[in-house]
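Have a look at the structure below, then the notes.
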Amino acid sequence: MTHTGQWCLRVRSDFSAAHQLRHYEGKCEALHGHNFMVEAEVAGTKLDPKIGYLMDFKELKRRLQTVLATLDHTCLNDLPGFATRNPTSEELARYIFEGLEPLLQDAPVHLRWVMVAEKESSMAFYTKDGGAPGVVV
1 MTHTGQWCLR
11 VRSDFSAAHQ
21 LRHYEGKCEA
31 LHGHNFMVEA
41 EVAGTKLDPK
51 IGYLMDFKEL
61 KRRLQTVLAT
71 LDHTCLNDLP
81 GFATRNPTSE
91 ELARYIFEGL
101 EPLLQDAPVH
111 LRWVMVAEKE
121 SSMAFYTKDG
131 GAPGVVV
């Protein structure tokens, strides 16, 4: 029997950072911090024939944490990636996506999306291929 579907893996991690939103009128204009929650989802069509998995969850999370380590306990506005753009959740999701994607080039998966949340009720997703996220738990 030929398999024509795909599998998706999702990992979750977090980091703490400060930021302020330039040109914003309101509380977020002032320097403040968040414990950001981050999720990343990858997809692929071939399982490892020996182990039967798409990719080791630990390895996927390690690669995500490599990107998050560059953000953790920083003032995001001071990072070169945010010199000309505000460190909003939307821009953070894109920044993390663009940092994680090259780290997955040797893996049998492609990055579908990255989600960044400042709190449980406020999330931003970034995707290049329009891959909509599934159920977020």
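Under the working numbering, the sequence shown has 108 at position 108, and the numbering climbs by one with no breaks. Don't be surprised by glycine CBs; every beta carbon is placed ideally from N, CA and C.
Contact fails between the region 16-33 and the region 47-64, because fewer than three Cβ pairs, one in each stretch, are under 8 Å apart. When only Cα atoms are considered, K119 and E91 end up about 16 Å apart. Residue range S89 to L100 is occupied by the alpha helix (DSSP H) that includes Y95. Within the region 3-89, the complete alpha helix (DSSP H) runs of at least 4 residues fall at 57-68.
Here R63 has L100, L103 and L104 as same chain residues with Cβ atoms under 7 Å from its own Cβ, once five neighbours each way along the sequence are excluded. Exclusion of the five residues before and after E41 leaves C8, R10, R112 and W113 as the residues of its chain whose Cβ lies within less than 6 Å of its Cβ. The beta-bridge partner set that DSSP reports for K119 consists of S122. Counting only the Cα atoms, P49 lies some 33 Å from R94. With a beta-carbon spacing of about 7 Å, H73 and A17 fall inside the 8 Å limit used to define contacts. With fewer than 16 other beta carbons inside 10 angstroms of its own, F57 counts as exposed.
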